[in-house]
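Peer 1: Mind the numbering: the sequence shown is residues -22 to -1, 1 to 115 in mature numbering (1 follows the signal peptide of the UniProt record, and there is no 0), read in order.
The beta-carbon is built from N, C-alpha and C at its ideal position, and this holds for glycine as well.
Sharing a structure with you now.
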Amino acid sequence: MASSLLVTLLFLAAVVLDPALTHKAIKFYRWFPNLVGLQDVDVSDEGVQQAVDFAIQKYNDKSKDLYLSRVVQVVCAREQVVAGINYYLDLEIVRTTCAKDKSSQDVCPFREDPMQLCSFVVYSRPWERFLSLLRFS
């Protein structure tokens, strides 16, 4: 992961500091696109699970629904190394029978409502135990 960050920084430095190197940097990027872009990540990865838990917690906090929602399935998880990690998550969520003000979502049964597919971007600096929800839809 550290090598990916180093490569990204070198790529950006080459483009910004020396326009004559731009064509070489672009050629390098075409050969190694995963070093600076999004990469699929295993949904059982600890960082992904923390991001999923954080995302659904923030979703419930911001939702005006009287009932909690829970994750049914992680459909897709990708990560991007920046000055930390951006997790791009596609989650199937559904409402539960538990009211927000009375329950923990872990023990709440699902309602008969249809599932929703929601996308989240969670920024993480794991060495600082920092998480932030950048956006969701």
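On a Cα-Cα basis, can you pick out the residue from 90, 101 and 65 that is closest to residue 47?
Peer 2: Translated into positions along the sequence shown, residue 47 becomes position 69. Looking at the Cα atoms, 90 is the closest of the given residues.
Peer 1: Classify residue 1: buried if its beta carbon has 16 or more other beta carbons within 10 angstroms, exposed otherwise.
Peer 2: Within the sequence shown, residue 1 is the residue found at index 23, counting from 1. With a pLDDT of 46 at residue 1, under the threshold of 50, the modelled position of that residue is not reliable, and the figure given next carries that caveat. Under this definition residue 1 is an exposed residue.
Peer 1: Less than 7 Å between C-beta atoms, sequence neighbours within five positions excluded: which residues of the same chain meet that for residue 50?
Peer 2: Within the sequence shown, residue 50 is the residue found at index 72, counting from 1. Cβ neighbours of residue 50 beyond the five flanking positions: 70, 71, 72 and 93.
Peer 1: Taking 7 Å as the limit between beta carbons, can you name the residues of its chain near residue 43, skipping five residues before and five after?
Peer 2: Here residue 43 refers to the residue found at position 65 when the sequence shown is read from its first residue. 73.
Peer 1: Within a Cβ cutoff of 7 Å, which residues of the same chain sit near residue 86, ignoring the five residues on either side of it in sequence?
Peer 2: Residue numbering aside, residue 86 sits at position 108 when the sequence shown is read from its first letter. Hits under 7 Å: 46, 48, 74, 75 and 76.
Peer 1: Assuming residue 52 contacts residue 19 under a Cβ cut-off of 8 Å, what Cβ separation, rounded to an integer in Å, is found between them?
Peer 2: Stepping through the sequence shown from its first residue, residue 52 is reached at position 74. Stepping through the sequence shown from its first residue, residue 19 is reached at position 41. Going by Cβ atoms, the distance from residue 52 to residue 19 rounds to 10 Å, so no, they are not a contact pair.
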